[in-house]
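Take our numbering: the final residue in the sequence shown is number 531, and no numbers are missing along the way.
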Amino acid sequence: MWRPVLMAKMVRQFSYLGPVQAQTVAYIHNQTTVTTTPMKLHTAKPVTKCQIGENVSRNEKVNFLVKILYDLDDNKESVYNALDAWVAWEQDFPIGPLKQALTGLEKEHQWHRIIHVIKWMLSKGQGTTMGTYGQLVRALDNDHRVEEAHDVWVKKLGVDLHSVPWQLCHQMIGVYYRNNMMERAVRLFKRLEAFDRKPRDKKVVKKVGDAYEILGLIEEKERVLEKYKSLFNETPSSKKSSRTSKKKSNG
Numbered sequence: 281m282w283r284p285v286l287m288a289k290m291v292r293q294f295s296y297l298g299p300v301q302a303q304t305v306a307y308i309h310n311q312t313t314v315t316t317t318p319m320k321l322h323t324a325k326p327v328t329k330c331q332i333g334e335n336v337s338r339n340e341k342v343n344f345l346v347k348i349l350y351d352l353d354d355n356k357e358s359v360y361n362a363l364d365a366w367v368a369w370e371q372d373f374p375i376g377p378l379k380q381a382l383t384g385l386e387k388e389h390q391w392h393r394i395i396h397v398i399k400w401m402l403s404k405g406q407g408t409t410m411g412t413y414g415q416l417v418r419a420l421d422n423d424h425r426v427e428e429a430h431d432v433w434v435k436k437l438g439v440d441l442h443s444v445p446w447q448l449c450h451q452m453i454g455v456y457y458r459n460n461m462m463e464r465a466v467r468l469f470k471r472l473e474a475f476d477r478k479p480r481d482k483k484v485v486k487k488v489g490d491a492y493e494i495l496g497l498i499e500e501k502e503r504v505l506e507k508y509k510s511l512f513n514e515t516p517s518s519k520k521s522s523r524t525s526k527k528k529s530n531g
């Protein structure tokens with residue numbers, strides 16, 4: 281009984297978007313709802329759940345969710361209610377489609393909506409990966425909420441600098457640098473050095489060097505540039521060769 285009630289609520293909630301969207305919600309629900317009662321769609325033969333479900337592709341569900349998120353008011357309550365209704369008919373949490381929807385929203389720079397979606401997902405105990413937290417940090421930074429981005433880094437990503445990918449470390453140093461938080465940038469870099477984590481991109485080395493200079497620590501800047509000068513001498517072909525050799529050694 282709870283699924284039909286939730287769907288009725290969902291259709292009412294989205295009815296202002298127009299009959300097409302409301303019908304689509306009901307249509308997707310009909311394609312995915314578990315039922316033991318044979319259904320007849322202009323045929324004398326009962327249609328099984330499997331046959332019905334195949335009519336709605338994953339991309340259709342994702343595109344519909346993105347459309348709903350675009351049309352809703354950009355506030356937490358509206359987004360959370362829409363997401364609760366969207367997953368109501370799913371037997372398993374649709375983490376894959378949600379990540380696809382987040383990718384679509386990021387391409388359109390819908391940072392505020394991305395934050396709502398990720399926080400809702402995390403509140404359900406889902407998507408607790410470094411990639412998700414990295415995307416949340418990126419969205420918070422672009423939404424000019426750098427202190428929140430810093431809190432996410434400290435509590436969720438920076439707790440284990442042995443394993444956090446360098447890509448995320450570079451990202452966070454860039455966040456600090458762009459927001460004139462030079463002390464945090466060099467502090468993070470020094471912690472990574474303490475774990476013998478070597479940067480892979482000259483851009484982050486340059487940012488750290490500039491941060492040291494802004495802080496008046498010229499000797500530290502020179503130390504960093506000297507220590508990682510090989511990164512500035514690499515050509516695209518040498519980088520490719522280095523990556524290939526690493527793959528072979530790991531294989």
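Virtual Cβ for every residue (Gly too), placed ideally from N, Cα, C. Quick caveat, the model's predicted, so the values are computed rather than measured.
The segment 384–400 and the segment 411–423 touch, with three or more beta-carbon pairs separated by less than 8 Å. C-alpha of leucine 448 to C-alpha of asparagine 361: approximately 31 Å in a straight line. When Val367, Asn339, Lys482, Gln390 are compared, the shortest CA-CA separation from leucine 352 is found for Gln390.
Of the candidates Val346, Met462, Ala365, Val346 places its Cα closest to the Cα of glutamate 386.
A check of alpha carbon separations from leucine 441 across Asn460, Glu428, Glu427, Lys470 identifies Lys470 as the nearest. By the CB criterion at 8 Å, isoleucine 375 and glycine 407 fall inside the cutoff. Around the CB of aspartate 421, 16 or more other CB atoms lie within 10 Å, so the residue is classed as buried. Judged by their CB atoms, valine 485 and tyrosine 456 are not nearer to each other than the 8 Å cut-off. When secondary structure is reduced to three states using DSSP, leucine 349 falls in the helix class. Here methionine 410 is actually not in contact with valine 434; their C-beta atoms are around 14 Å apart, not less than 8 Å. Apart from sequence neighbours up to five positions away, the residues of its chain that approach alanine 465 with a beta-carbon distance below 8 Å are Ile453, Tyr456, Tyr457, Lys487, Val488, Ala491, ordered along the chain.
Under a 10 Å Cβ-count criterion, histidine 430 is classified as buried, with 16 or more other Cβ atoms of the shown protein chains found around its own Cβ. For arginine 425, the three-state secondary structure derived from DSSP is coil.
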